[in-house]
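Worksheet: the structure to be examined is printed underneath.
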Amino acid sequence: MSDPAVRTLGAVLYPQFELLDLYGPLEMFGSLEKEIRIVTVAQAKGPVASTPGVETLARHDFGDCPRLDLVLLPGGIGTLPQLGNAALIEFLRKRSAEAEVTMSVCSGSALLAKAGLLDGRRATSNKMFFQVARSQSDRVEWVTAARWVEDGPFATSSGVSAGTDMALAVIAKLYGRERAEAIAIQTEYTWHRDADRDPFAQYLDQGMKRTA
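In the working numbering, the protein residues as written are 22 to 233.
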């Protein structure tokens, strides 16, 4: 029987996820040591390659994944094909309904929006490719200037490094501000504490223009 004092965090993998989207937050949550159990899950067990090609081993598939208290969904260039992955979308719907907090980094919020999980809520995404997320649902209050947004059981962050700021904010919420501050010091990380200010908002959708 699992220890009820230990939360299980599920890191959701798919091909060409953004590496820091995943490992920045996991470094912070991993600092909680015995209070959290981190599991990796993908549609199929085995190695999953990130955008740079570095592989992460998925220990679980969607069928045998344990119950998750926390869900972490990275973004990246691989988001685009996953928007049509019905199995992933259904997994996110099911597991988010059970989770205490579901977190997305970067364009991962596009997948949550596609699943209808952010309807009626505030959310944000990668600023340079903001339209990718916004185009998935017009029932979401998309916040273009936020570093991260917390709304109910969902936390969504801007691009890549912003996910680490969001992770510390979630840790502060669940384990206390002092614990989050201690982890930031331990990891020598400069925590951007203002959720409502993203210095990269000035580059809104510029990445979309370059690829048009």
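Yeah, the Cβ is synthetic: ideal placement off N, Cα and C, and Gly gets one too.
Check: Extent of the continuous alpha helix (DSSP H) to which F151 belongs; Outcome: 151-155
Check: Proximity to T208 [Cα-Cα], best of Y35, V33, G45; Outcome: G45
Check: Range covered by the beta strand (DSSP E) that runs through I13; Outcome: Since the first residue of the chain shown is 22 and the last is 233, residue 13 is not available in this structure.
Check: The region 143-155 touching the region 121-131, judged by at least three CB pairs closer than 8 Å; Outcome: yes
Check: Identified DSSP bridge partners for D172; Outcome: F175
Check: Segment contact, 8 Å Cβ cut-off, at least three pairs: the region 49-56 with the region 69-78; Outcome: no
Check: Distance CB(E39)-CB(S71) smaller than 8 Å; Outcome: yes
Check: Length-filtered (3 minimum) beta strand (DSSP E) runs lying within the region 43-93; Outcome: 57-62, 67-70, 76-79
Check: Expected contact under 8 Å - CB spacing of P87 and A120 to nearest Å; Outcome: With a Cβ gap of about 12 Å, P87 and A120 do not count as contacting.
Check: Close Cβ partners of S117 (< 7 Å) along its chain, the five nearest in sequence each way excluded; Outcome: V92, T123, L138
Check: S182 vs L94 beta-carbon contact at 8 Å; Outcome: no
Check: Nearest-angstrom Cβ-Cβ length linking F221 and S179, presumed shorter than 8 Å; Outcome: 6 Å
Check: Selected residue, minimal CA-CA separation from R168, among D85, A190, R28, Q157; Outcome: A190
Check: Nonlocal neighbours in the same chain, by C-beta distance under 8 Å from R28, ignoring five residues either side; Outcome: E56, I57, R58, D90, L91, E121, L195
Check: Where the beta strand (DSSP E) containing T29 begins and where it ends; Outcome: 28-33
Check: Nearest-angstrom Cβ-Cβ length linking L34 and V60, presumed shorter than 8 Å; Outcome: Wrong, their Cβ atoms sit about 11 Å apart, outside the cutoff.
Check: Euclidean distance between Cα positions of A201 and I192; Outcome: 6 Å
Check: Counted within 10 angstroms of its Cβ, other Cβ atoms place A245 as buried (16 or more) or exposed; Outcome: Missing from the structure shown is residue 245; the chain here goes from 22 to 233 and no further.
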